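K.L.:
Numbering (this note's numbering), first residue to last: 86 to 361. All C-beta atoms, glycine included, are put in the ideal place defined by N, C-alpha and C. Keep in mind it's a predicted model, so treat the numbers as computed, not measured.
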Amino acid sequence: MSCRGMWFVMGADRERTAVSPPPMLYLATMTKLDRHYTDPRLVDLYDIENPHGPDFDFYLALADALKAQRILDLGCGTGLLTRQLAVGEREVTGIDPAAAMLAHAQRQPNAARVTWIEGDSSALGTPAADLVLMTSNVAQVFLDDDAWATTLRHIHAALRPGGHLAFESRNPADRGWEQWNPETTLAQLETPHGPVETWLEVAREENGRVYFIGHNLFKNTGEDVVATSTLRYRSHDEISASLREAGFAIEQVYGDWQREPFNNTSRMMIFIARRG
Ligand SMILES: C[S@@+](CC[C@H](N)C(=O)[O-])C[C@H]1O[C@@H](n2cnc3c(N)ncnc32)[C@H](O)[C@@H]1O
86 MSCRGMWFVM GADRERTAVS PPPMLYLATM TKLDRHYTDP RLVDLYDIEN
136 PHGPDFDFYL ALADALKAQR ILDLGCGTGL LTRQLAVGER EVTGIDPAAA
186 MLAHAQRQPN AARVTWIEGD SSALGTPAAD LVLMTSNVAQ VFLDDDAWAT
236 TLRHIHAALR PGGHLAFESR NPADRGWEQW NPETTLAQLE TPHGPVETWL
286 EVAREENGRV YFIGHNLFKN TGEDVVATST LRYRSHDEIS ASLREAGFAI
336 EQVYGDWQRE PFNNTSRMMI FIARRG
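#1: Can you tell me the Cα-Cα spacing of L187 and E253, whole angstroms?
#2: Can you give me the start and stop residues for the alpha helix (DSSP H) that A224 sits inside?
#3: Can you check the stretch 261–323 for any alpha helix (DSSP H) of at least 4 residues that lies completely inside it and give the ranges in chain order?
#4: Closest to L127 by CA distance: which of H189, A148, A153 and L165 is it?
#5: DSSP state of S347, grouped into three classes?
#6: Who are the near neighbours of Y412 in its chain, counting only those whose CB is closer than 6 Å to its CB and skipping five residues on each side?
#7: Could you pull out every residue in the same chain whose Cβ sits closer than 7 Å to the Cβ of S325, ignoring the five residues on either side in sequence?
#8: Checking 8 Å against the spacing of the C-beta atoms, do S314 and H121 come in under that value?
#9: Taking 7 Å as the cut-off, does the CB of M186 come closer than this to any heavy atom belonging to ligand 1?
#10: Taking the runs of the beta strand (DSSP E) that are 3 residues or longer, which of them lie wholly in the stretch 166–212?
#11: Determine the extent of the alpha helix (DSSP H) in which H121 is found, giving its start and end residues.
#12: I need the DSSP call for A331, collapsed to helix, strand or coil.
#13: Quick one: what's got a C-beta closer than 7 Å to M109's C-beta in the same chain, skipping five residues either side?
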């Protein structure tokens with residue numbers, strides 16, 4: 086658990102302001118941050134490996150369709166989507182516990198249009214937001230049910246009545262991790278650190294959690310920077326029950342970015358829920 090004990094708020098024109106968060110609240114949803122999000126060399130690979138795709142088109146269109154003016158992006162990471170949401174009169178806030186991801190985000194174009202907060206869902210506050218997003222499977226970092234329930238409770242409090250929460254999570258029934266082996270995941274990347282070869286391998290799968298290893302072989306140095314990760318796979322029914330428990334009404338569950346209705350063979354579940 087990389088608890089810094091310090092939150093940083095950085096807006097367009099404001100200086101960094103250090104605020105010490107209430108320790109227990111801050112720890113509420115955190116597990117040890119994945120090296121992918123803390124090692125600057127791996128952070129530099131993130132947008133190369135995860136470029137703008139149909140997922141971001143979906144969330145941008147959703148924000149427009151909902152006429153969302155105040156948007157919170159929880160687990161915003163490098164802010165590739167967060168910065169694109171920050172147009173017109175919109176107030177957009179990016180929240181992430183990984184300082185290295187936020188530092189990368191703030192060096193990018195249009196970063197000054199976003200308020201960046203280092204923290205977890207306990208940093209959302211109660212801004213009566215129109216829309217809260219968790220994109221690229223952030224929902225799967227909450228390994229324990231308490232952490233997930235706490236996060237949903239914080240999100241509910243951050244939304245105005247009638248405000249929306251949208252996120253995706255991989256469908257456990259699809260067992261997509263069975264494809265995560267060196268043969269099918271091997272990638273050659275051109276990066277600011279020179280050529281890098283990356284691949285994944287699964288260590289084990291138990292109790293709805295998948296434990297896997299990410300290899301990042303930096304060709305110039307020969308160093309394989311290894312990151313171990315765990316993801317929680319909740320079923321459609323588990324997520325639906327947790328949303329209702331937290332006071333949300335489920336409006337849509339899509340199975341792909343083209344808005345096909347979810348069914349049990351879908352690769353993913355894209356939830357759109359409304360705060361009651
Ligand atoms: C797969 S990345 C997604 C980044 C971004 N949303 C995107 O779409 O590219 C997952 C992000 O979740 C963040 N994260 C990890 N634990 C978290 C927590 N407890 N609360 C909020 N975000 C967390 C990580 O730091 C990382 O930036």
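P.N.:
Taking the definition as stated:
#1: As a position in the sequence shown, residue 187 is number 102, starting the count at 1. As a position in the sequence shown, residue 253 is number 168, starting the count at 1. Between L187 and E253, the C-alpha separation is close to 21 Å.
#2: On the sequence shown, position 139 is the one that residue 224 refers to. Looking at the DSSP string, A224 is not in any alpha helix (DSSP H), and its letter there is neither H nor E.
#3: 267–270
#4: Translated into the one-based positions of the sequence shown, residue 127 becomes position 42. It is H189.
#5: Translated into positions along the sequence shown, residue 347 becomes position 262. According to the sequence shown, residue 347 is Phe rather than Ser. In this structure, F347 counts as coil in the three-state DSSP scheme.
#6: Since the first residue of the chain shown is 86 and the last is 361, residue 412 is not available in this structure.
#7: Within the sequence shown, numbered from 1, the residue matching residue 325 stands at position 240. The residues are I335.
#8: Residue mapping note: residue 314 aligns to position 229 of the sequence shown, counting from 1. Residue mapping note: residue 121 aligns to position 36 of the sequence shown, counting from 1. In this structure, H121 lies closer than 8 Å to S314 by Cβ.
#9: Residue 186 sits at position 101 when you count from the first residue of the sequence shown. Result yes, Cβ under 7 Å from ligand 1.
#10: 176–181 and 199–203
#11: Position 36 of the sequence shown, counted from the first residue, corresponds to residue 121. Unbroken alpha helix (DSSP H) run through H121: R120 to T123.
#12: By one-based count along the sequence shown, residue 331 stands at place 246. A331 falls in the coil class under three-state DSSP.
#13: Working through the sequence shown from its first residue, we reach residue 109 at position 24. Reliability of the predicted coordinates at M109 is poor, the pLDDT of 44 falling under 50, and the value obtained from them is presented with this limitation in mind. Same-chain partners within the cutoff: there are none.
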